[in-house]
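Q: Chains as they are written, first to last, in the numbering used here: chain A, 458 to 752; chain B, -10 to 319; chain C, 886 to 1545; chain D, 7 to 158.
Below: one structure in C-alpha cells.
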Amino acid sequence: MVDLTLEIRKTAKELLEKGEAKVVLGWEKGNFPYSTTPVFIDKPEDTERLIWDEYCINNLALYMLDYKHLDGKVGIFVKGCDSRGINRLVQDKQLDREKVILIGLSCPGMKDEKKAKELGPNADIPMAQKCQDCRYPDPVVYDVFLGEKQNKKVPEKIDTSDVEEMETKSPDEKYRFFTTNYEKCLRCYACRNVCPACNCKECIFDQTATGWLAKANNVSNNMFFALTRAMHVGGRCIECGECERVCSVNIPIMLLNKKIIKDINFLFGDYDAGLETEERLPLGGYDYTDPEEFM
Amino acid sequence: MLVVLKAKLKDILNTLAEEYKVLVPAKIEDTSKFISYKDNVDIILDENVKLSPKDVFFPQTEKMYKMKTVKTSMELENITDEAGKKLLFGVRSCDMKSLDCFDQVFLTKGYIDEFYKNKRDSVVTIALSCSQPMQTCFCSAMGVDSQKAVGADVQAYDLGDKIGLEAISDEGSKVIELIKGQLTEEGAEVPQPGEFYLKVDADGVSEKLNGMFESPIWDDVSKKCLNCGACTYVCPTCHCFDISQEVRGENVTKYRCWDSCMFGEYTQMAGGHNPRPTKKERVRNRFMHKLNYFPDRYNMLLCTGCGRCINVCPVNLDITSVIKQIKEAE
Amino acid sequence: MKRVGVFICHCGTNIGGVVDCPKVAEIAKDYPGVVYSVDNKYMCSEPGQELIKKAIKEQNLDRVVVASCSPRMHEPTFRRCVENAGMNAYFMEMANIREHCSWVHASEKDKATEKACDLVKMAVAKAIMNKPLQKATIPVTDRALVIGGGIAGIQAALDLANAGHVVDIVEKEPSIGGKMAQIDKTFPTLDCSACILTPKMVDASSHPNINLITYSEVEKVEGFVGNFDVTIRKKARSVDMSVCTGCGVCMSKCPSKVDSEFEMLLSKRKAIYTPFPQAIPNKPVIDRDNCTYFKTGKCGICQKVCTLGAIDYTQEDEFVVTRYGAIVISTGFEQFDHSVYGEYGYGKYPDVITGMHFERLINASGPTMGKIKRPSDGKVPKNVVFIKCVGSRDVAKGKSYCSKTCCMYTAKHATLVTEKIEDSNVYIFYMDVRTGGKGYEEFYNRTREKYDAQYIRGRVSKVFKQGDKLIVRGEDTLLSQAVEIEADMVVLATAMVPQADASKLAQKIGIGYDKDHFFTEAHPKLAPVETHTQGVYLAGACQGPKDIPESVAQASAAAAKACGLLSKSEMLTEPIISVVNESICVGCGLCVPICPYKAIDLKTISERDHGKTIERLVADVNGGLCQGCGACTVACRSGALDLKHFTDQQILAEVNALCL
Amino acid sequence: MSVNEVQQNKEVEQNWEPKILVFACTWCTYAGADLTGLSRLQYPPNIRILKVPCSGRVNPQFVIKAFQKGVDGVLVAGCHPGDCHYTSGNYFTRRRFLLMRRLMEYIGMEPQRFQNRWISAAEAPKFQQVITEMTEEIRTLGPNRKLRDDQW
C-alpha cells in the first residue's frame, strides 16, 4: 500500500490554511493497530492526526449530513465507496456538491478489523468482505486526487452467487435462515445510521406512534425492520457494505440488499447506484415495457 | 480448592441441569451469548461472550401485564415469570459487577422493581475468572477484580485445563454440594490476571466531570458518533427502558423494552421539544451518566470495563479514549 | 373516545336474505368505539336516512358506519345524509356487504355473516381514524388558451369566445388555418375547404374575445386548473405587426426563394413570406434560416422597399407569461414519415406523392393552378394509382392504428381525378374500405360505380420505373392474382401521426400520451375530451386520427367543458389529496417524479434549528393539481407524505381490525 | 416439521379458514368486485377487500404488516397497465411489487401467499377465478406462521 499519509496531511493543511475548507474529514489511528476512527480536523496543526493505512474502512460520506448547514466548505477524503456515498447524498438532495471538496484516494481494499482482532497481531489479515465485493475501489467523483489510480480489474457485475445459493433453498430453509439471523437483531440501528442511503430526517422506525413498527424486539418486528429497510434502500444502496460490517451481531445484511440489486438489474436493467447523480432511480420511475407478471 | 477438568465440565453441567435451568456462555449464529445449556452447545471459556447476560435479568422486551376491556370496564392480568431456579455458569467479573449496578438501580433507594427482583432472585451465579484479558478489556481500571467477582454464589477459576470452584454464598454451597462427587480437591492457587492491553487511569474522573458539563470536549468526542444504540445494547450496565403496549382490539399487553439514550427520540417529548437534540447532548449524557451521575448517586462507576462497546462501535468511539480526554481537559 | 354508530342495511332480502343482519348489528356493538348499532330494511330509504340522522343527534355520534351496498352506489347519499345531520361527510365510512358479500356468498350464510362482521369491523376501525375534510375553493381565471390554430382550435376558440370568455390562440406557424387550409375539397360533399375555413379564420381574427398569437409556441406551463401560468415564446417575426399593412411588396421583391412548406415543397416561396395568400394574420415573417440578410449580413431589400418601415431585423424572441383558467390542446397531426417504405419509391421517383401533395396539385390556388400534373415532367397523368394504409395498420413498419380518414379522402381523390382528367384510370390498392360516417358509404359507392375507380384488395409490393411509367406491382388478394399497373402517378395515403413534439408538449403541460404519442383522454368513453389534468382539454387529431367533422365536434365539446369551468369564478376541489408533514420531510424529492400530475414541487422553508435559522427543502403538494392517487406516499420512506382519507394510520387500522 | 406445520395441525382442528386481505383500487378491481356481485358470481368467503384509491397507494409495508398481524394471504390488485385512472400509478405498483414479491419469496414466504393481479372493472369472472384459486392455494398451504407476530 502506497503511504499517502504525508500527502493527506499536506492537502488537508493547505485546505484549512487557505480557508478553502472549514473542516476536513479523514481517519486517525484508533487504540489498536487494527483500528482507525473518523476524525474531523478544523485546525491546520491538527492535520498531523490524519493517517492512511489499510484499516481506513469507515465510509465517511454520511457525516456530510452533519454539515448540511455549515457556512463554508467541507473537505473529505473519499475512497470508491465514500465517493458513491457522496453521490447518493447529492442525488437525494441532502448535500450540495458545491459545498464539498472531495479528495480522492484509490482504495487497495481495507483489512478486516474483526478478523484482525481474532487472529492477533502477527497473522496475515484478510481483506474485509465489503472490500472483497467492491467494484469501484477508485473514487467515481473527486476534485483532487492523491496518489495514483490503480484501475484495478474488478468484476463487471456484482457477485450475487451467495444470493443465488440462498434462492435455491426451500421456503422453510430460507425462512429459518433469515429468522435465526434476525432473531439476534438488537435493533441498535447501527446498520441504518451508518448507511448513506438512510438519510431521512426522521426514520419511520423511530416514529413509534404511527404504528409501523413497535419497539418490542421480536423476530416478526425485526423482519419488518429488515425487509422495510431493504425496500427503502432498494435501488439506492451503493453496496458499500457498511451495514453488514457494523452489525454488532453479524447479520448478513447485504444478502438482502444484494437480492434487491440483483432483481433490479434483472427486471429493469443494470444499475449501479451512486455512480452519478442525475439518472432516474429504479424506483423513481417505470417503463411501459417492464416485465409483466401480474396478468 | 475443588477442581474439575475442563473436559469433564459437561458432566457437572448435566448434573446441575437436573436441578436448575442452566445457562452457559456459548457461540451461536456468529455471535455469542448465554443460552440454555444442552449437550450440544458450543461453550466458550477462553473469552467473554459478545452479548452480556443482562437480558437474563432484564430482557430486551419484557411483558409487564395485560389489560382487557370488557364493555365499559377493564380487567388487569398479571404476567408471571416461568417458575424454577436458573443457574448462570461462567459469568465474568465485569458482568457480575454489572449486576451489582443493576441491583442498585432496581432494588435500592426505596424502590423495588418487581420484574427485576423476581428474575434476580431466581438466578444462582457461578462466576468465572479470566486468565487472559481480551484486547478491549479494562476492568481493573474500573475497579473490578477479574479473578474475584462481586456477588457471585460460586467463584470459578480458570486453571488452564482445569476449573477450580469455590462456594461464596449459601446458595453457592448448595450448588457445590450437588456436584461434589464430580470434583476433586487440589492445592490450586488463585491465578494471577494477565496483562491488560488498554492502559486506562480513571482515578478522579468522576470528580473532574463535575465541572465539565459545558466543556468543549463533548463537541469533539461526539462528532464521530452515529447515534446508533449498539454500545448501549451490548453494555452490561445500560438499563434504560421504554414502556409501550401492543393493542389487539380489546386486549392490551403492556411491555417494557430496552431503550438507548443514543436515540434521538429517547428524550423526544410529546409536544415536540427535545432537550437532547443533537448527538453532542446524547453522547455527553451517556458518558456523564456512566462516569459522573451514577457514581454520584450510587458511589460506583456505571462501567465495568468489559470493552464490549469498544468492540461493537461502528466508528471506534472508545470510552477509554474519552476518559483520557476528560482527564487531559483543562 | 370516538362514538361510532353502525347501521346495517338488509337491502330488502338482497343482503338480509344471506347475511344475518340483526346478528351483525348485535356483534358490532362490542367493537371498540361502537356505541350504537342497528339494522334496517332499507338504509338508503327516507326512513333509513332519518334513522341515521336521529341516531347522530340522540346518541351524540361522531362517526357513522353504514354497511350496505357498494360505496360506488350510495356513498354520496350517505355522505349527504350525515352532513344534513351536522356531521362532516368524511366521518361516514361504508362496508360493502352486498356486492362483496351477500351476492357472492349466497349459499354460505354463516360465513357471509362472519365476513360481514369483519368488513364492519374494518370500517369502524377506519372511521375512528377519519378526519374531517373540507372541500377547498380555488379561484378560476376567466381566460382560455387554445394551443394550435387549425380547424379544431379555431372552432374551440370561437365557441368559447361566443360564450363570453377571452381566448388566446397560440399557433406555431405564421398563420392560423392548419392542415385544413391546405386541403382542396372536403368529403363527402366536395365543397371547397377554403370556402368554409377562411370565413372562420376571419371570424376568429376579428372576434373581440379572441387574440391570435401566431408564430409562437408554448414554452412552459405552471400552475393548475383555473390558474395555469403559461409562458409563450413569440418567435421573432422580424416584421413589426403594428406597422405592417400586409401589402406584400417585400415578398415580391425578396430575392431568396425557398421550397414552400404549405405547397408541400411543390413550389417556392420567399424568405419573407406568408404561408398562403389568405393567411391570417396576413402579415409576413422572415424565415431567418433562409434570409440572405440573416445569413450574410448583406441584402436588406425588404427593409428598403417597405415604405412603412415595418421590417425590423433586430427583433428577438419574446416571452410572455399569461394566466389561464383552462387550456384546449388542438395541435393536430403530421404525415407519417413513409420513407420506411422504400419499396414505394418515395423520394426516388418524384411522381410518387402523398395525399397532401395531391391536395395541393388539385387546388385551384396551388402550384399547378388546380391542374393535375406530374411533378417530374408536368405531364397530365392518365393512370393514377392510390395506395392506402401507408403506415397505418402496419405493426411491422408503421402504426398499429387505422388513420380513419384515408379511405374517404382517397375516394375523394379518385373522383377528382376522374372529373378533371378525361380518359383517366384510377386504381386503388386497399386492405379494407372503412366508410363509417354520414354520407360516406354513399360517396364511396359513387366513386366505384359512377367514377369507375378500380378497387384492388391487396398490398403493393413494389413500385419501380420503366421508361416514363411507374410500374406498380401488387397482388389482388380477392382473385389471388399478381397485378401490375403502369401508372403515371402514385399517391400514397400516409398515416396520420401526432406532431413530432407532441410528447414534449404533453410533458410541459403534464398530460398523458399513448405509445404513438397521441394525447390520452381521461376516459375513452365518458371523458373523451378531458385529460387527467383538470382544466386541460383535447380537440381534434392530437388525440387520435379524426376527420374535419369529428374534429369540429370534439372542439365544441372541449369548448363546452372549458366554458363550464370558466363560467364560475371559483371551483371546489376534492379534499382527498396528499399532504406533506414538513417536520419529517427531508426534501429528497423522490416523490416528485412519481406524481403523474406534476403536483409535487420542492420548496425552501426556513426554520429555527438549534438557535440558528436554517433553510431547507421540503416537498410541497399543489392541492389544485393533486388528484389523490397516493402513489407518492409509498415513495416517501419516512412517511412524510400521506394521503388524506387513506392515511397510513387509517389503512393500518383496517389491517389490524381484520386480524383481531 | 415445517415452520408452518407446527401450528397448522392445531389450527386445522379448530376449523381454520384462510384469511386473505385484498387491496383493491377503487377504479378497476373494486369495481370489478362490485360487478362480480352484480353478476352473482360466487367465490369463497375468505377475502376481505380494503379499498384504496389506486394500487400505487399500496405500500409494501402494509403487506408485511398484514402478515405480521395474522393474515394468511395478501392480494394487491389494480387496473391493467395503461388503464390506470391516475395514468401511471399501476406502473409504480408493478415495479415495487415485482421487487417485493421476489424479496418475500427470498426470505421464505410461499409465493402463493402474496400475489398481484390486474383486474379491470369488467373482469368479474377473472375476479371470481383469482379469488377462488388463491383461496384454494392458501388452503393447501395451511395457516401462515411466517412473519407473524403472535407472542402477545
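Ideal Cβ positions, reconstructed from N, Cα and C, are used throughout, including at glycine.
1) Whole angstroms is fine: what's the gap from E474 (chain A)'s alpha carbon to G1496 (chain C)'s?
2) Mapping DSSP to helix, strand and coil, what is E1104 (chain C)?
3) Taking only beta-carbon atoms, is M752 (chain A) less than 8 Å away from chain D?
4) Taking 8 Å as the threshold (beta carbon to beta carbon), is I113 (chain D) in contact with chain A?
5) Where DSSP assigns a beta bridge to R237 (chain B), which residues make up the other side?
6) Determine, using beta carbons only, whether A1525 (chain C) comes closer than 8 Å to chain D.
7) Take the Cβ of M1086 (chain C) as the centre, count every other Cβ of all protein chains shown within 10 Å, and call the residue buried at 16 or more, exposed below.
8) Whether or not the region 558 to 577 of chain A and the region 590 to 597 of chain A are in contact is what I'm after, with contact meaning three or more pairs of Cβ atoms, one per stretch, closer than 8 Å; do they touch?
9) Below 9 Å on C-beta distance, what does F120 (chain D) contact in chain C?
10) Output the boundary residues of the alpha helix (DSSP H) element that contains F276 (chain B).
11) When the Cα atoms are used, what is the spatial distance from L12 (chain B) to R273 (chain B)?
12) Could you say which of D:A37, D:T146, D:M106 and D:G114 lies nearest to P59 (chain D) if we only look at CA atoms?
13) When Cβ atoms are compared, which residues of the region 607 to 622 of chain A fall closer than 7 Å to chain D?
14) So, does the CB of R1522 (chain C) fall closer than 8 Å to a CB anywhere in chain A?
15) Looking at the unbroken beta strand (DSSP E) that takes in M977 (chain C), where does it start and where does it end?
16) If L41 (chain D) and A127 (chain D) are in contact, beta carbons under 8 Å, what's the gap, nearest whole angstrom?
17) Mind pulling the chain C residues with CB within less than 8 Å of D523 (chain A)?
18) Quick one: list the residues of chain D neighbouring S955 (chain C), beta-carbon separation under 7 Å, in chain order.
19) Keeping to the same chain, check which residues put their C-beta closer than 8 Å to that of R888 (chain C); ignore five residues upstream and five downstream.
20) Pairs of beta-carbons, one from the region 156 to 170 of chain B and one from the region 180 to 193 of chain B, closer than 8 Å: are there three or more?
21) Which residues share a DSSP beta bridge with R123 (chain D)?
22) With distances taken between CB atoms, is the gap from S249 (chain B) to C229 (chain B) smaller than 8 Å?
23) Taking Cβ-Cβ distances below 8 Å as the criterion, which residues of the region 909 to 920 of chain C are in contact with chain A?
24) Since I941 (chain C) and F892 (chain C) are thought to touch, with beta carbons under 8 Å apart, how far apart are those beta carbons, to the nearest angstrom?
25) Please tell me whether A37 (chain D) has its Cβ less than 8 Å away from any Cβ of chain C.
26) List the endpoints of the continuous beta strand (DSSP E) containing T20 (chain B).
27) Where does M7 (chain D) fall in DSSP's three states?
28) Applying the criterion that 16 or more other CB atoms from any shown protein chain within 10 Å of the CB defines a buried residue, is E129 (chain D) buried or exposed?
29) Residue range of the beta strand (DSSP E) that G483 (chain A) falls in?
30) Residue range of the beta strand (DSSP E) that V1280 (chain C) falls in?
31) Is there at least one Cβ from chain B nearer than 8 Å to W33 (chain D)'s Cβ?
32) Could you please give me the residues that DSSP links to P1383 (chain C) through a beta bridge?
33) What are the partner residues of R649 (chain A), as DSSP defines its beta bridges?
34) Determine the direct distance from the alpha carbon of L34 (chain B) to that of G79 (chain B), and round the result to whole angstroms.
35) Can you tell me where the alpha helix (DSSP H) with I1013 (chain C) in it begins and where it stops?
36) Short of 6 Å in beta carbon distance, which residues of its chain neighbour S111 (chain B), apart from the five on each side in sequence? Order them along the chain.
A: So, from the data block:
1) 29 Å
2) strand
3) yes
4) yes
5) B:N240
6) no
7) buried
8) yes
9) None at all; the shortest Cβ gap to chain C is about 14 Å.
10) K268 to M277
11) 35 Å
12) D:A37
13) none
14) yes
15) M977 to N981
16) 6 Å
17) Within 8 Å Cβ-Cβ: nothing; D523 (chain A) doesn't reach chain C, min ~12 Å.
18) D40
19) G918, V920, Y921, Q944, N945, L946, D947 and R948
20) no
21) D:A83
22) yes
23) none
24) The pair is not a contact, with the Cβ atoms about 10 Å apart (cut-off 8 Å).
25) yes
26) T20 to S25
27) Caution is warranted here: a pLDDT of 46 is assigned to M7 (chain D), below 50, making its placement in the model unreliable, and the coordinate value is therefore given only provisionally. The answer is coil: DSSP assigns M7 (chain D) none of H, G, I, E or B.
28) buried
29) V480 to K486
30) From DSSP, V1280 (chain C) is part of no beta strand (DSSP E); its letter is neither H nor E.
31) no
32) C:F1218
33) Per DSSP, none; premise fails for R649 (chain A).
34) 8 Å
35) K994 to M1014
36) K74 and K75
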